[in-house]
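Data block below; observations after.
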Amino acid sequence: GRSASNGQEAVDMVLHKSHTGSTFSSSSAAPSADLPSYGLILMDLCMPVMDGFEATSRLRENGITIPIVTLTANALSSERDRSFACGSTRFCTKPILRKDLHHLCQEFLDVSEVQQQQQ
1 GRSASNGQEA VDMVLHKSHT GSTFSSSSAA PSADLPSYGL ILMDLCMPVM
51 DGFEATSRLR ENGITIPIVT LTANALSSER DRSFACGSTR FCTKPILRKD
101 LHHLCQEFLD VSEVQQQQQ
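Take 1 as the starting number for the sequence shown in full-length UniProt numbering and just add one per residue.
Following this line, the structure appears as structure tokens:
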């Protein structure tokens with residue numbers, strides 16, 4: 001999958017069609033088949049341009065229901081609470097162990113489908 005270098009880019013990647021740049025929002029028609037399909041979003045809270053809190057809020061405000069797993073090096077309960085208030089599905093602290101990331105992917109994604117797409 002693709003990754004974003006900042007929060008605004010993350011929002012754009014999910015909300016905008018990959019080749020037309022037209023926006024999908026909850027007030028527009030359903031997303032078309034050429035809209036990139038994401039099964040899970042890993043959202044870092046500390047990003048330039050737009051932080052993960054704002055990016056998550058914007059996605060939820062636009063009707064995006066894809067699971068969002070927040071990743072942060074800060075384990076404060078206030079950040080956890082704010083993350084969930086913004087619409088995060090899960091909150092994880094970094095560094096995240098490979099086995100824990102694998103379990104998250106299994107929980108939210110059809111792993112057999114992902115493996116077939118890679119072949």
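Just so it is clear, CB atoms sit at the ideal spot from N, CA and C, and this is done for glycine as well.
Open item on the list: For I68 and T56, what's the separation of their Cα atoms in angstroms?
Closed with: Position 68 of the sequence shown holds residue 68. Position 56 of the sequence shown holds residue 56. If you take the alpha carbons of I68 and T56, they lie about 8 Å apart.
Take the Cβ of T72 as the centre, count every other Cβ of all protein chains shown within 10 Å, and call the residue buried at 16 or more, exposed below. Against the sequence shown, residue 72 aligns to sequence position 72. Counting of Cβ neighbours within 10 angstroms places T72 among the buried residues, the total reaching 16 or more.
**Message:** According to DSSP, simplified to helix, strand and coil, what is D44?
**Reply:** As a first step, residue 44 is located in the sequence shown; it is residue number 44 there, counting from the start. DSSP places D44 in strand when its eight states are reduced to three.
>> Quick check on this structure: which residue in C105, L101, N6, D100 has the alpha carbon closest to the alpha carbon of residue 123?
In response: Since the first residue of the chain shown is 1 and the last is 119, residue 123 is not available in this structure.
- Item | Three-state secondary structure assigned by DSSP to L97 | Along the sequence shown, read from residue 1 onward, the residue named residue 97 stands at position 97. Coil at L97, not helix or strand.
Check your understanding: With 16 as the cutoff for other CB atoms within 10 Å, does S86 come out buried or exposed?
Key -> Counting from 1 along the sequence shown, the entry for residue 86 is found at position 86. Sequence inspection shows Cys at residue 86; the Ser mentioned does not correspond to that position. With 16 or more other Cβ atoms within 10 Å, it is buried.
**OP:** Rounded to whole angstroms, what's the CA-CA distance from H102 to R60? Just pull it up for me.
**Re:** Here residue 102 refers to the residue found at position 102 of the sequence shown. Here residue 60 refers to the residue found at position 60 of the sequence shown. CA-CA distance, H102 to R60, rounds to 25 Å.
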